[in-house]
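Numbering (full-length UniProt numbering), first residue to last: 465 to 743. Okay, structure first, notes after.
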Ligand code: C2E
Ligand code: MG
Ligand code: MG
Ligand code: MG
């Protein structure tokens, strides 16, 4: 009867939910510990290339965390947990510092190309990170044009009136600002006209859709974004190129630069240097 089935419900926990929560706690505890030494974190670098020649035009630094069991925890898993727990500032500070080391190392090896890093959404407006980036550029005496900050379109336009002047101050100094995952947010045309950005990055979803079922719709979006970039004088790069067909379609539709597994995966520094020597 009723009483019996409600009795059964008491024991009918949502095990999936409990497991997710336990997993988050486990990651959070491990993350806090790992941040005390920072040794378990490293950047991998994905080349940004010229679509026609495959030659590098820059790199994106992507964070990796090796957990104690030696497995890699993906950023899509630990960054949101860090953001929700007030740890993302520490991560962003570390990423800024490591990106500057990367720039210096590449320069020492004879490669003076810009390196971008991703700024956690919640840190874009942080005065701490803002000051830290300015301080690092000044103190480390790196050429500001070798540094590029990626912020997502969603974040840049959501807090537009606050973020835009902050991003402008970097551009004024010569630093690049890339709008990541472009096409998935909701920039208004008036925001786009004065968006403090030097580059827009076409989201990989559209590149993927170019060779999927809805290809006509994706092609229109890809073309429209190329025209917007031209009209508003942004540099343009496509993310997530995996096939020759995608490479061709992008070239035919106004794109000169791209990133993607088709050209190169994100690599640790030593592997990148080998790749550069061969490319
Ligand atoms: P994102 O900045 O849009 O980075 C692009 C992601 O696409 C990277 O995944 C990259 O490895 C992957 N990717 C590159 N080429 C291809 C391709 O051809 N096909 C496919 N399917 N994927 C490709 P990753 O490294 O796992 O990073 C995921 C997201 O995590 C990033 O998206 C970024 O939002 C965030 N993230 C990564 N590193 C950092 C960091 O240092 N700080 C912060 N705050 N976020 C980071
Ligand atoms: Mg990015
Ligand atoms: Mg992206
Ligand atoms: Mg993305």
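Just so it is clear, CB atoms sit at the ideal spot from N, CA and C, and this is done for glycine as well. Keep in mind it's a predicted model, so treat the numbers as computed, not measured.
Would the beta-carbon of residue 547 be found less than 7 Å away from any heavy atom of ligand 2?
Because no heavy atom of ligand 2 lies under 7 Å away, the Cβ of residue 547 does not count as near it: no.
Delimiting residues of the alpha helix (DSSP H) encompassing residue 657
653 to 657
Can you name the residues that DSSP bridges to residue 698?
Paired residues: none, contrary to the question.
So residue 525 is in the beta strand (DSSP E); what residue range does that whole segment cover?
520 to 530
Do the stretch 576 to 591 and the stretch 531 to 551 make contact, defined as three or more Cβ pairs closer than 8 Å?
yes
Quick check on the contact list: which residues have their beta carbon closer than 7 Å to a heavy atom of ligand 3?
Every residue passing the under-7 Å Cβ criterion appears here: 644, 645, 665, 667, 668, 703.
For residue 615, I'd like the list of residues in its chain whose CB is within less than 6 Å of its CB, leaving aside the five on either flank, ordered along the chain.
583, 588
Residue 634 - DSSP class collapsed to helix/strand/coil
Here residue 634 sits in helix by DSSP.
For ligand 2, is there any heavy atom lying closer than 7 Å to the beta carbon of residue 617?
no
Residue from 501, 563, 518 whose Cα sits closest to the Cα of residue 527:
The closest CA to that of residue 527, considering only 501, 563, 518, is found on 563.
Alpha carbon to alpha carbon, how far is residue 719 from residue 495?
39 Å
Buried or exposed: which applies to residue 686, given that a residue is buried once 16 or more other Cβ atoms fall within 10 Å of its Cβ?
buried
Cβ-based burial, residue 705 [other Cβ within 10 Å; buried from 16]
buried
Could you give the C-beta distance for residue 605 and residue 666, rounded to a whole number, given that I count them as a contact under 8 Å?
About 33 Å separates the two Cβ atoms, so there is no contact after all.
What distance in whole Å lies between the Cβ atoms of residue 647 and residue 611, which are believed to be in contact at a cut-off of 8 Å?
Cβ-Cβ separation between residue 611 and residue 647: approximately 24 Å, too far for a contact (criterion under 8 Å).
With a floor of 3 residues, list each beta strand (DSSP E) that falls wholly inside the stretch 591 to 624, ordered by position along the chain.
611 to 616
According to DSSP, is residue 728 part of a helix, a strand, or is it coil?
In the structure shown, residue 728 sits in a strand (DSSP, three-state: E or B).
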